[in-house]
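At position 37 of the sequence shown (counting the first as 1) the number is 48 in my numbering, and the numbers step up by one without a gap.
Using N, Cα and C, we set each Cβ at its ideal position, and we do this for glycine too.
Owing to the predicted nature of the structure, the values given are computational and were not obtained by experimental measurement.
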Amino acid sequence: SAGQRVKITGHKGGRMLRARLLALGLNLGREIEVIQNNRGLIIVGINGGRVALGRGISQKILTEPVEKQG
């Protein structure tokens with residue numbers, strides 16, 4: 012959901028998909044923030060920027076919630 016921080020734990024997909032995700036900076040262990048989560052589009056914050064992902068691709072990124080510190 013929007014505002015949630017998650018850690019990437021894996022990718023479901025072939026070599027081409029993994030290469031594309033890595034090129035976007037969505038590598039294993041990376042923490043990202045879900046900025047917007049609509050029906051067909053998810054926008055995540057990464058490295059001070061934003062990346063828009065289609066629903067099909069976003070469903071192939073395995074994540075786990077990150078505990079809030081403080």
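Taking the beta carbon of Thr-20 as the centre, do at least 16 other beta carbons fall within 10 Å, making it buried, or is it exposed?
It is exposed - the Cβ of Thr-20 has fewer than 16 other Cβ atoms within 10 Å.
For Ala-63, which three-state DSSP category applies?
The answer is strand: DSSP assigns Ala-63 an E or B state.
Report yes if the CB atom of Ile-7 is closer than 8 Å to the CB atom of Gln-47, and no otherwise.
This structure gives no information on residue 7, because the portion of the chain shown stretches from 12 to 81.
How long is the line joining the alpha carbons of Ala-30 and Arg-50, rounded to whole angstroms?
About 25 Å.
Verify whether the separation of the beta carbon atoms of Leu-35 and Val-62 is less than 8 Å.
Yes, Cβ-Cβ distance for Leu-35 and Val-62 is below 8 Å.
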